[in-house]
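Here the protein sequences line up with chains A and B, keeping their order.
For the first sequence, the working numbering assigns the number 1 to the initial residue and increments by one for each residue that follows.
For the second sequence, the working numbering assigns the number 285 to the initial residue and increments by one for each residue that follows.
The C-beta atom is built at its ideal place from N, Cα and C for all residues, glycine as well.
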Amino acid sequence: MIPAQFDYVRPASLAEACQELGSDEDAKVLAGGQSLLPFLRLRLAYPSKLVDIGRLADLRGVHDRGDHVHIGAMTTHDEVMRSPVVREGCPLLALTAAQVADPAIRHRGTFGGSLAHADPAGDLPAAVLALDGVFVAASASGEREIPAAEFFVDYLESSLRQGEILAGVRIPKLGAGWGFHYEKFHRTAQAWAIVGVAAAVRRSNGSIAEARIALTNMGPTPVRARAVETALQGVELGDQVRQACVEAAADTSPPADLHAQPDYRRHLAKVLTDRAVRAAAGAP
Amino acid sequence: MPRITVTVDGIQYEQDVEPRLLLVHLLRERLGKTGTPVGCDTSNCGACTVLLDGKSAKSCSVLAVQADGCDVVTIEGLGANGSLHPMQQAFHEEHALQCGYCTPGMVMAAIDLLRQDPDPSEETIRQGLEGNLCRCTGYCNIVRAVRRGAQEMGQAVSRP
Ligand SMILES: Cc1cc2nc3c(=O)[nH]c(=O)nc-3n(C[C@H](O)[C@H](O)[C@H](O)COP(=O)(O)OP(=O)(O)OC[C@H]3O[C@@H](n4cnc5c(N)ncnc54)[C@H](O)[C@@H]3O)c2cc1C
Ligand code: FES
Ligand code: FES
Chain A
1 MIPAQFDYVR PASLAEACQE LGSDEDAKVL AGGQSLLPFL RLRLAYPSKL
51 VDIGRLADLR GVHDRGDHVH IGAMTTHDEV MRSPVVREGC PLLALTAAQV
101 ADPAIRHRGT FGGSLAHADP AGDLPAAVLA LDGVFVAASA SGEREIPAAE
151 FFVDYLESSL RQGEILAGVR IPKLGAGWGF HYEKFHRTAQ AWAIVGVAAA
201 VRRSNGSIAE ARIALTNMGP TPVRARAVET ALQGVELGDQ VRQACVEAAA
251 DTSPPADLHA QPDYRRHLAK VLTDRAVRAA AGAP
Chain B
285 MPRITVTVDG IQYEQDVEPR LLLVHLLRER LGKTGTPVGC DTSNCGACTV
335 LLDGKSAKSC SVLAVQADGC DVVTIEGLGA NGSLHPMQQA FHEEHALQCG
385 YCTPGMVMAA IDLLRQDPDP SEETIRQGLE GNLCRCTGYC NIVRAVRRGA
435 QEMGQAVSRP
């Protein structure tokens, strides 16, 4: 299948890219193209112009900034999963990126593209939400920070405004004692998550001191499982963890589709949260 | 219309392309590289896999303009002097194909896998080929072929 016609520009700087985007409301950013090109080929989108940010070196790469890790929007999934800085400073993202799609798609698909696309079935949005990442949006009028909790607005909709480009994300480092896991449930290897759970857990003396849990594909946006986070505080590792996870699907509105009905997704959310928390805590 | 320069299987081409032209169509319809097939509409099957600047990519999911200045290797660029590449030979020996439609993509993905891990386990091979679907063989012979191809390639390198 062949996409409908569009214009194509490859700006030499972020400022120029913002200008190109700001001057045409039907223009779209082209990053890795691994979500956009399938959309264009199926003619689900008709942009007037693609602004290719694929060669903007400033947007690419991972940087250790002391208390946080900065990940440029154009860093590919493959680079994120292999980056020593990510593995050290925010290992949850390396674990999660490794579970996105397949190797060929991970070579081209980008960290920023996955987030800006705001697909609730995408794996990285939940992981960044669990880590309270801070999104850096660039536009002709400068930069703006958006907390993860405000970035995802609705199905395929982020809080980026017209003319804004996601430049990168700051991931605050969690100190010692934290463990991480991303539990993804899908039917075939390269498929999207039916439900996914991103977990960060801090252990102290055989109990859980603190937990951060975010869910993939349990509503139109990724969501934090706040009820479980509260219930897990002070819980000893063992059977009580499962008990604390029963509220995992509280306040969610999971979709119905080919793969699962909402009640099955609610069931999965409980089971997978329990698994993710145990794995993050290093418990059997 | 943008003009691009792209090297495919060692030969440099200059082409005027519509922005919407997909890399796979550039390869097949302009350059006659029909060794790279299209197997799906959804970027799932991997039949169209090529190496783009040395890394595997699904050529149905890349615009030709995005490949401007890049180096592309297709299945047609693997063999040398009329003989098959060791990975192609291994697919042949192990009967790793029936209709052969997925084979170009499988071979390219397998070669990409060896770039990261020259001696992959069966599990690593299965994961490395997760983006390539075969509707005929059931994968067992494909996995065996990749093991064999890896061994042959390892020997080829270590031979004096
Ligand atoms: C077969 C297949 C399986 C997949 N499986 C998974 C999976 O299991 N899990 C998963 O998470 N993802 C999966 N993906 C999607 C993949 O992760 C994509 O790489 C990702 O969703 C989009 O990143 P991209 O760089 O390719 O963005 P593009 O496709 O280039 O862009 C996607 C959208 O985001 C916008 N955009 C991109 N970058 C920016 C930016 N910096 N600023 C503003 N807007 C921007 C674009 O305008 C576009 O609307 C799959 C894709 C395919 C084809
Ligand atoms: S044709 Fe490219 S993935 Fe199927
Ligand atoms: S051999 Fe027929 S699809 Fe793989």
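Buried or exposed by the 16-neighbour rule on C-beta atoms within 10 Å, applied to residue i
i, result
"residue 99 of chain A", "buried"
"residue 379 of chain B", "exposed"
"residue 439 of chain B", "exposed"
"residue 197 of chain A", "buried"
"residue 312 of chain B", "buried"
"residue 424 of chain B", "exposed"
"residue 161 of chain A", "exposed"
"residue 233 of chain A", "exposed"
"residue 300 of chain A", "Because residue 300 of chain A is not part of the residues shown, which for chain A are 1 to 284, the question remains open."
"residue 308 of chain B", "buried"
"residue 75 of chain A", "buried"
"residue 164 of chain A", "buried"
"residue 204 of chain A", "exposed"
"residue 285 of chain B", "exposed"
"residue 46 of chain A", "exposed"
"residue 88 of chain A", "exposed"
"residue 287 of chain B", "exposed"
"residue 221 of chain A", "buried"
"residue 172 of chain A", "exposed"
"residue 333 of chain B", "buried"
"residue 147 of chain A", "exposed"
"residue 84 of chain A", "exposed"
"residue 117 of chain A", "buried"
"residue 248 of chain A", "buried"
"residue 376 of chain B", "exposed"
"residue 25 of chain A", "exposed"
For residue j and residue i, the rounded distance between their alpha carbons
i, j, result
"residue 369 of chain B", "residue 341 of chain B", "20 Å"
"residue 95 of chain A", "residue 366 of chain B", "43 Å"
"residue 431 of chain B", "residue 81 of chain A", "25 Å"
"residue 167 of chain A", "residue 155 of chain A", "21 Å"
"residue 210 of chain A", "residue 200 of chain A", "8 Å"
"residue 266 of chain A", "residue 218 of chain A", "8 Å"
"residue 63 of chain A", "residue 43 of chain A", "37 Å"
"residue 124 of chain A", "residue 436 of chain B", "38 Å"
"residue 364 of chain B", "residue 321 of chain B", "21 Å"
"residue 215 of chain A", "residue 264 of chain A", "14 Å"
"residue 193 of chain A", "residue 121 of chain A", "6 Å"
"residue 410 of chain B", "residue 273 of chain A", "27 Å"
"residue 443 of chain B", "residue 420 of chain B", "Only weak support exists for where residue 443 of chain B lies, its pLDDT of 47 falling under 50; the value from the coordinates is given anyway. Roughly 35 Å between the two C-alpha positions."
"residue 2 of chain A", "residue 41 of chain A", "5 Å"
"residue 37 of chain A", "residue 299 of chain B", "21 Å"
"residue 296 of chain B", "residue 338 of chain B", "16 Å"
"residue 345 of chain B", "residue 310 of chain B", "12 Å"
"residue 412 of chain B", "residue 79 of chain A", "16 Å"
"residue 242 of chain A", "residue 271 of chain A", "8 Å"
"residue 353 of chain B", "residue 292 of chain B", "11 Å"
"residue 244 of chain A", "residue 433 of chain B", "50 Å"
Element boundaries [alpha helix (DSSP H), containing residue i]
i, result
"residue 86 of chain A", "84-89"
"residue 290 of chain A", "Nothing in the structure corresponds to residue 290 of chain A, since chain A is present only between 1 and 284."
"residue 152 of chain A", "Here residue 152 of chain A belongs to no alpha helix (DSSP H); instead the beta strand (DSSP E) covers 152-154."
"residue 17 of chain A", "14-22"
"residue 35 of chain A", "Neither: residue 35 of chain A is in no alpha helix (DSSP H) and is coded neither H nor E."
"residue 284 of chain A", "Here residue 284 of chain A belongs to no alpha helix (DSSP H), and DSSP marks it neither H nor E."
"residue 107 of chain A", "103-108"
N-terminal and C-terminal residue of the beta strand (DSSP E) that residue i is part of
i, result
"residue 68 of chain A", "68-72"
"residue 147 of chain A", "142-147"
"residue 210 of chain A", "207-216"
"residue 291 of chain B", "287-292"
"residue 135 of chain A", "134-139"
"residue 196 of chain A", "195-204"
"residue 340 of chain B", "339-342"
"residue 117 of chain A", "Element bounds for residue 117 of chain A: not the beta strand (DSSP E) but the alpha helix (DSSP H), 111-117."
- Using a beta-carbon distance cut-off of less than 8 Å, what residues from the stretch 93-125 of chain A approach chain B? When C-beta distances to chain B are compared with 8 Å, the residues of the stretch 93-125 of chain A below that value are 101, 102, 103, 104, 105, 107, 108, in chain order.
- With 8 Å as the limit, tell me which residues of the stretch 378-409 of chain B have their beta carbon closer than that to any beta carbon of chain A; keep them in chain order. Answer set for the stretch 378-409 of chain B: 393, 396, 397.
- Query: Just by C-beta distance, which residues in the stretch 308-327 of chain B are closer than 8 Å to chain A?
  - Reply: Those residues of the stretch 308-327 of chain B placed with their C-beta closer than 8 Å to a C-beta in chain A are 309, 325, 326, 327, ordered along the chain.
- Message: I need the residues with a C-beta less than 6 Å from some heavy atom of ligand 2; please give them in chain order.
- Response: Qualifying residues come out as B:322, B:323, B:324, B:327, B:328, B:329, B:330, B:331, B:332, B:342, B:344.
- Query: Residues near ligand 3, CB to any non-hydrogen atom under 5 Å, in chain order?
  - Reply: This selection yields B:381, B:382, B:383, B:385, B:386, B:418, B:419, B:420.
- Item | Residues from the stretch 409-426 of chain B in contact with chain A, defined by Cβ distance under 9 Å | Cβ contacts with chain A: 410, 411, 412, 413, 414, 415, 416, 417.
- Select from the stretch 41-66 of chain A all residues with a C-beta closer than 8 Å to any C-beta belonging to chain B, and list them in chain order. Result list: 41, 42, 50, 52, 54.
- Against chain B: residues of the stretch 6-36 of chain A by CB proximity under 7 Å: Hits within the stretch, in order: 6, 7, 8, 33, 34.
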